[in-house]
Every structure is written in structure tokens, then in C-alpha cells.
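For the first sequence, my numbering assigns the number 185 to the initial residue and increments by one for each residue that follows. C-beta: ideal position from N, C-alpha, C; glycine also. First up is the structure itself, then whatever we jot down about it.
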Amino acid sequence: MPQRGLHMSKEITSMQEDYSQWYNDLVIKAGLADYSAVRGCMVIKPYGYAIWENMQKQLDSMFKETGHQNAYFPLFVPKSLFEAEETNAEGFAKECAIVTHYRLKADPDHKGKLIVDPEAKLEEELVVRPTSEAIIWNTYKGWIQSYRDLPLLINQWANVVRWEMRTRLFLRTTEFLWQEGHTAHATEKEAIDETVQMLNVYADFAETYMALPVIKGVKSANERFAGAVDTYCIEALMQDGKALQAGTSHFLGQNFAKAFDVKFTDKENKLDFVWATSWGVSTRLIGALVMAHSDDQGLVLPPKLAPIQVVIVPIFKGEEQKQLIDEKVIALMQQLKAAGISVKYDDNDNNRPGWKFAEYEMKGIPVRIAIGARDLANNVVEVARRDTKEKMSFSMDGLSERIITLLDEIQLAIFNKAKNFRDDRVTPADTWDEFLKLLDEKPGFISAHWDGTGETEDKIKELAKATIRCIPLNNELENGKCIFTGNASKQRVLFARAY
RNA sequence: CGGGAUGUAGCGCAGCCCGGUAGCGCACUAGGCUGGGGGUCUAGGGGUCGCAAGUUCGAAUCUUGUCAUCCCGACCA
185 MPQRGLHMSK
195 EITSMQEDYS
205 QWYNDLVIKA
215 GLADYSAVRG
225 CMVIKPYGYA
235 IWENMQKQLD
245 SMFKETGHQN
255 AYFPLFVPKS
265 LFEAEETNAE
275 GFAKECAIVT
285 HYRLKADPDH
295 KGKLIVDPEA
305 KLEEELVVRP
315 TSEAIIWNTY
325 KGWIQSYRDL
335 PLLINQWANV
345 VRWEMRTRLF
355 LRTTEFLWQE
365 GHTAHATEKE
375 AIDETVQMLN
385 VYADFAETYM
395 ALPVIKGVKS
405 ANERFAGAVD
415 TYCIEALMQD
425 GKALQAGTSH
435 FLGQNFAKAF
445 DVKFTDKENK
455 LDFVWATSWG
465 VSTRLIGALV
475 MAHSDDQGLV
485 LPPKLAPIQV
495 VIVPIFKGEE
505 QKQLIDEKVI
515 ALMQQLKAAG
525 ISVKYDDNDN
535 NRPGWKFAEY
545 EMKGIPVRIA
555 IGARDLANNV
565 VEVARRDTKE
575 KMSFSMDGLS
585 ERIITLLDEI
595 QLAIFNKAKN
605 FRDDRVTPAD
615 TWDEFLKLLD
625 EKPGFISAHW
635 DGTGETEDKI
645 KELAKATIRC
655 IPLNNELENG
665 KCIFTGNASK
675 QRVLFARAY
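Now the structure itself:
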């Protein structure tokens, strides 16, 4: 049962007052998700799911354009398969849900209650997948014999379960939705190219569609995916200055091929293990979307992902006026739909215009059009954009062209705003004191030298609660001294406090 | 798993200390006046007070247990 919610007010906690509460309020009030009866698990409501569907649609087409096909693998992984790749297994072991039984029976001591039937114990436990490398590589073994079978480029849309101690709507839930790509290649270079290619797909998606500027980089050993040789990532900055990992692409080397004995015969008839990648993004991106752009009035959605791009609100007195407006709106809607714009006409008479204005601001609909008798007389509509709250008057003639332009402008404006914010918060630090001060006073990415050891990284994490988000791909080499130990360093890395 | 809090109408809460007819706001239903930034009036409907035991003539209220959720921390996409 949700606690600590808002009073009956239709407002949300302000960002400044309590960022974390602002986020929770927003997700609930905008109708993206609900808490559920299951600890750590949420219900994704239709409006939130519609955003996910738009993300899926776009990503899926990008995956297909780069040669991937969709497939589906089982939710359960036999424990013996799960433990095959040791690093991967160890990394996920402490957050796995396990199926041990397959049957319930009536509780002899409590009428109407059920207990686990001790006689229905599984011989081998099943792990509910926290990620699917194990089951997929076990399957790939049967699919790959020759270099002619490669590359194998597969993606799956799925749910996974990670038993997190502490959860947050969209950002970290026990069960979450994602896609995971799993590819097999004949050469190391090809696999690395694939890893980078998919990182670029993610970065392009984040920036072009989510209007979310990201930094592409490589993870330090500490932060690397369990079982990977290298983890590439895109890192974004939220409005509270905390970083959020928005997607990862892993170069897995031959680790999984070796663990599952996946070999192929090359052109010279020599046997070798295949090279692997995996990459994924999750419903966490919805959390990123919310935290990156929204404000105290509600969501701000980028037009390219908004389930509804334009909402039309009629303003009328009496049925006669309403009918005149209806007629005009139907024609305008046809025009807008023909131009590929998703549009909703809210002529629900239960709520008044003011209520609707506030409601659609909460929902982050990019453009609102209001039409009243006054507008009809002048052949115009009132157009309000969500991101700036600016109101304009557009002629009804050629409306769709102007709306298309406006949606593009909004998309760009949201991106630029986020980018300016992010750029302003990538700050260099050269001393430990400066580093600590920046974390508190100007949270964001801190660019600093690091001696390259995991021990140092651990200590910094312990003392400053900041981690290395990534070593940016476009980094310039520069001699310096580690912010913490003073040891030699060849480049700066990005630190931040993160979600 | 440690710390803190909360479960009472669809939602948000009061009532509990000091046991005695279950309340308020919003939402909902019907109708009216309204309508360019969360309107208003009238009349209504809706509850095994998380669950289970106990104390008592009597429990939302006291006791014990239990389940669940939220927040903070450690862990993590």
C-alpha cells in the first residue's frame, strides 16, 4: 500500500523540496506506473507503457536495420547452466530468485490456505533469469558449427528479475522489462565492432529520440558487467546532478563460448571459440526520461516518444458553440493525423478547460491546442507548448505544417536544455578537496585523474559515494596525478554520484 | 538485511494517548448554474478500520503475533 503520498492536492512535491519525492509523485500522478502488491515490483500503467512501446518500436527498427532478428528464450535457467560462466554467475548470484518447487497443496492446519508441497521439490533448481547469457549460449552451441553460421545476430524483448534490496519506480525494480542483444562472431574485431555499433545505436536513440544527451565511454574493471571483457556504456545526467547509466554494450570476448563450448570451423578448417557481445536497455529509460526533462508541473516528454503529441481542448458555452467547434476540430484532426501527428481531442464535458490544461501539463503532452468561439471567429487556434509554457496563436490554415515544425523545435529545445545543463556540469577537479566540494556544491560529472586501480576506486566510493561512471571514448590523453593517491595517471575519467 | 514510518471508503487523511453510533477532503452518482488556467450549488451512494489471536459487557482504539508497502542505508541496470 503506498504511503507517504501527497495530500489530496493535485500538485506534486517540488523538485527543490525533495527531488526523490518529486520523482515518485510525478510517476504516480502522471499515470506512468503504480505500486503493486508485490514488493519491489510495479505496475506499468497504459500511459507509461505507451512510452515504452514507442521506445521499443524505434529501437526495434534500429536493431533490425543493423541486421538483428528477434527471438525468445526461456525465463528459467537451470542452475547448472547458470553457474557455467563463473564470473557471470558470481556477479548475479546474490540477486537471483530461485524456483525450487513446482506444486502447492492445501494446508492441513489452515483451511483455505496453501503450502508448498514438499514432495514437489525440483531435482535441479531453476534460476529466474537476471540476464540470459547462460541459456542463450547453451542454445547457440547447437546453432553454430561453421564460420558460415556467423555472425549470429539476435535480440530478445523480455522481462528479467534481479532481487534488489532497495527498489525505485522504473529506476530499479525487482522485475523489469528490457531488450538484450546476444551476438556471436568469427573474429575478435568483428565482435568489438558490433559492441561499439550497438553503443552508437543506443547513443543515437537517447539523443535523437529521448532528447537525452549521453556520454559514451568504457567502464572501469569494478563497474564492468560480470563476465565481460569490456563494458561500454552511455551515461546521462539527471536534473539533481546524479548520473544514470542509460545503456550498456558488452564485449564478452570468448568467455561464454568457452564456458558453453561454442566452437566453429573457420575458412582454414581450424576450430576456434566464437566471440560474443551482449547489449541492453531497460524500462529504466523511462525513469531517465522523467528525471532529465520534467519540472514541477509534471512531465515534459520529447515529441518523438510522446504517446500523444497534440491535445485539443474545446472551450465553449452551450451545445451550439460546442457543435461549431466540434466540426472545425474534426477537420483539423484529419489534417494533423494525415501529417502523422498523434492527436487527442478532449471534449469530455466532466472536466473544465482549466482542469484539462493542468492535467495535460502533468502528462507532458508537448503541444496543447485550445479552440473557443473567439478563435473560430478569427480562424485561429491557441497553441501552447509544454516545455516553455509559451502560448501562441496559429492560423487554422496550414496548421499541420506549423505543428510539425513546432514539434521539431520542441524536440530540439528539450535536448539543448538538457545538454546545456549537462555540459555545465562536467567539471574538472585536480585535488581531493576540490573533488569533494564539487560533489556537494555542483553535483554532476567530475573529470579527474585516477591511478587506474580498483582499490583506489573502492576507497573513493567509500569516502565520497562517487563512482567512476566511465572513461569517455573520446578522451584526450593527458599526464596527471590521481586525485586520491597522487600516483601517475594518463587520462581523466568521469566520476559522479549515480542512481 | 539494519534503521525509521505507515496500513481506516477509489485516493489522501483525522479519530487511537483517555475503549462506547466510523468521520473529513477529493473522487463518484443525479440535477442545476457554469465554461479562455485545477468552478459552484443541491441531493445522494460507498467501510468485515491490513490479517489473526487475546483482554473486556463492549476494541479502529489496549496487548501479542503476523503480513504488506513506503522512506533512509549497505547492494545494483
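Three-state secondary structure assigned by DSSP to L336: It is a strand residue.
Minimum C-alpha distance to R223 - residue among T358, L596, K263: Per the Cα distances, T358.
Limits of the unbroken beta strand (DSSP E) element including A221: Neither: A221 is in no beta strand (DSSP E) and is coded neither H nor E.
Own chain residues within Cβ distance below 8 Å of G189, not counting five before or after: Summary for G189: the model assigns pLDDT 38, below 50, so the residue's position carries little reliability, and this model does not support an answer.
Inter-residue Cα distance where the pair is G538 and M239: C-alpha separation (whole angstroms): 31 Å.
Whether I553 touches V567 by CB criterion (8 Å): Taking 8 Å as the Cβ cut-off, I553 and V567 qualify as a contacting pair.
Contact check, A214 vs L483, beta carbons under 8 Å: Yes, the Cβ-Cβ distance between A214 and L483 is below 8 Å.
Residue span of the beta strand (DSSP E) that contains Q481, given as start and end: For Q481, no beta strand (DSSP E) segment is defined, and its DSSP state is neither H nor E.
Which of helix, strand or coil DSSP assigns to R468: It is helical.
Contacting residues, own chain, Cβ-Cβ under 7 Å from H633 (five flanking each side not counted): If you ignore the 5 residues before and after H633, its C-beta comes within less than 7 Å of the C-beta of G664, K665, C666, I667, S673, R676, all in its own chain and listed in chain order.
Contact set for V497: own chain, Cβ-Cβ below 6 Å, skip 5 residues either direction: Apart from the 5 residues on each side of it in sequence, V497 sits with its Cβ closer than 6 Å to the Cβ of D530, P537, K540, A554 in its chain, given in chain order.
Sequence-distant residues of the same chain with beta carbon closer than 6 Å to T415, five excluded per side: Around T415: K403, R408, F409, T432, H434.
Exposed unless 16 or more other CB atoms sit within 10 angstroms - verdict on Y286: Y286 is classed as exposed because its beta carbon has fewer than 16 other beta carbons within 10 Å across all chains shown.
Residue nearest to M349 in terms of C-alpha spacing, selected from Q507, F440, C225: With distances taken between Cα atoms, M349 lies closest to C225.
Any alpha helix (DSSP H) of 4 or more consecutive residues that is wholly inside the segment 523-604: With a minimum length of 4 residues, the continuous alpha helix (DSSP H) runs that stay inside the segment 523-604 are 537-546, 557-562.
Local Cβ density within 10 Å of G670, reported as buried at 16 or more and exposed below that: Result: exposed.
Endpoints, beta strand (DSSP E) assigned at F354: Per DSSP, F354 belongs to no beta strand (DSSP E) and is neither H nor E.
Selection from A680, H477, R346 that minimises the alpha carbon distance to A395: In terms of CA proximity to A395, H477 leads the group A680, H477, R346.
Counterpart residues of Y416 in DSSP-defined beta bridges: In DSSP, Y416 forms a bridge with V402, S433.
Rounded C-alpha distance that separates T392 from A290: In a straight line, the C-alpha of T392 is about 55 Å away from that of A290.
Alpha-carbon spacing of A443 relative to T315, whole angstroms: Answer to the nearest angstrom: the Cα atoms are 16 Å apart.
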